[in-house]
Amino acid sequence: MSWRITRRSVLASGAVVGLGGAAGSDPHRIVSLNPCLDVILVHLADRAQIAALSHYSHEPSSSSLGELGRSFPFTHESAEEVLALRPDLVLTGRHSSPATRAALKRLNIRAELFGVPNTVDESLEQVRQVARAVHRPARGEALVARIEAAVAAAAPPPGTPKMTALIYQSGGFASAQGTLMDDMMRRAGFENAASRYGLKRTGNVPLENLIADPPDVLLAGETKPGAPTWADRVLNHPALSRVAHRMHRASFPQQLTFCGGPVLIQTAQMLVHARQGALAVRAKEARA
Numbered sequence: 001m002s003w004r005i006t007r008r009s010v011l012a013s014g015a016v017v018g019l020g021g022a023a024g025s026d027p028h029r030i031v032s033l034n035p036c037l038d039v040i041l042v043h044l045a046d047r048a049q050i051a052a053l054s055h056y057s058h059e060p061s062s063s064s065l066g067e068l069g070r071s072f073p074f075t076h077e078s079a080e081e082v083l084a085l086r087p088d089l090v091l092t093g094r095h096s097s098p099a100t101r102a103a104l105k106r107l108n109i110r111a112e113l114f115g116v117p118n119t120v121d122e123s124l125e126q127v128r129q130v131a132r133a134v135h136r137p138a139r140g141e142a143l144v145a146r147i148e149a150a151v152a153a154a155a156p157p158p159g160t161p162k163m164t165a166l167i168y169q170s171g172g173f174a175s176a177q178g179t180l181m182d183d184m185m186r187r188a189g190f191e192n193a194a195s196r197y198g199l200k201r202t203g204n205v206p207l208e209n210l211i212a213d214p215p216d217v218l219l220a221g222e223t224k225p226g227a228p229t230w231a232d233r234v235l236n237h238p239a240l241s242r243v244a245h246r247m248h249r250a251s252f253p254q255q256l257t258f259c260g261g262p263v264l265i266q267t268a269q270m271l272v273h274a275r276q277g278a279l280a281v282r283a284k285e286a287r288a
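All residue numbers for the sequence shown refer to the numbering used here, where the first residue is 1 and numbers rise by one.
Given below as structure tokens:
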């Protein structure tokens, strides 16, 4: 089935008539236009409730859902595509198409707007907000409890040495203070090194700066199979091997840097694995 549907065909078919669902009724056709809302929605709603996810759910480099995400229909968030699905609830983010959001408002289609969480607490509240929107509050609380347990389990034992770390992804992209990733790093016992490179919130850290002043741990993404792009080659630059004796490198999939919600469970686990690996190397070097 093609998802490229024209506005004329949608209007001609009468697909926009009676689309607005009552806020108090159980939503039966939910469309998500945001990859981070995709992952929360899939964990909370019944599969039959989900009419479509965002197109990011079908892009392996952008989605945290993997094969599960690719099993759902998707849109490129155009108004025509969304309206053709006859949704009674649309989940949107602040970066979702303004034209589509305007069309939903004109046609009185229920839409919920979500921001970008910058802390674990804000992310947990977003899970609760989605749960309320899809009328699955109990599932929301159960998911929140799982995330809280994973984050709590990631906390370092008392007396664990502090280590600096940098999340370093394709093209040298990193997360600094004021971001969800920074909050997760601190909760896992890391001091975020991004600020010492002059980075605020998110941006690129020049490879030269990293080589001149490496962190204790580099949380690096994995390059794509086949011919890598220039951005991927940054992660495998020979210069990084020159500071390998001063910097432990741990795998940290790039998909974990995009979203919170249930993704934080795996994020917490990966941070613990990185911390334990770095400490084991440090202990081995001390015995040598």
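Virtual Cβ for every residue (Gly too), placed ideally from N, Cα, C.
Name the two residues that bound the continuous alpha helix (DSSP H) containing residue i.
| i | result |
| --- | --- |
| residue 120 | 120-133 |
| residue 83 | 79-84 |
| residue 261 | Where residue 261 is concerned, there is no enclosing alpha helix (DSSP H), given that its DSSP letter is neither H nor E. |
| residue 100 | 98-106 |
| residue 57 | Note, residue 57: premise wrong, no alpha helix (DSSP H); not H, not E. |
| residue 239 | 238-241 |
Grouping DSSP H, G and I as helix and E and B as strand, with all else coil, what is residue i?
| i | result |
| --- | --- |
| residue 230 | Low confidence applies here, because residue 230 scores a pLDDT of 49, under 50, leaving its location unreliable and the question unanswered by this model. |
| residue 67 | helix |
| residue 151 | helix |
| residue 160 | coil |
| residue 191 | strand |
| residue 5 | Legend: pLDDT at residue 5 = 35, less than 50; position of this residue unreliable, no value from coordinates given. |
| residue 273 | helix |
| residue 280 | helix |
| residue 139 | helix |
Is it right to say residue i is buried, meaning 16 or more other beta carbons lie within 10 angstroms of its own, or is it exposed?
| i | result |
| --- | --- |
| residue 151 | buried |
| residue 32 | buried |
| residue 170 | buried |
| residue 230 | For residue 230, the pLDDT reaches just 49, beneath the cut-off of 50, and the residue's location in the model is therefore unreliable, leaving the point undetermined. |
| residue 67 | exposed |
| residue 102 | exposed |
| residue 319 | With the chain represented from 1 up to 288, any question about residue 319 goes unanswered, as that position is not in the structure. |
| residue 198 | exposed |
Would you list the residues sitting across from residue i in a DSSP beta bridge?
| i | result |
| --- | --- |
| residue 211 | Note: residue 211 sits in no beta bridge, so no partner. |
| residue 52 | 31 |
| residue 144 | In the DSSP output, where bridge partners are listed per residue, residue 144 has none listed. |
| residue 169 | 173 |
| residue 112 | 91 |
| residue 202 | 175 |
| residue 289 | Outside the modelled stretch of the chain, which goes from 1 to 288, sits residue 289, for which no answer is possible. |
Could you tell me how far apart the beta carbons of residue i and residue j are, in whole angstroms, since I believe they sit closer than 8 Å?
| i | j | result |
| --- | --- | --- |
| residue 28 | residue 55 | Actually they are not in contact, since the Cβ atoms of residue 28 and residue 55 sit about 22 Å apart, beyond 8 Å. |
| residue 92 | residue 111 | 6 Å |
| residue 193 | residue 164 | 4 Å |
| residue 237 | residue 256 | 22 Å between Cβ atoms; not a contact. |
How far does the beta strand (DSSP E) with residue i in it reach, from first residue to last?
| i | result |
| --- | --- |
| residue 251 | 248-251 |
| residue 220 | 217-220 |
| residue 175 | 173-175 |
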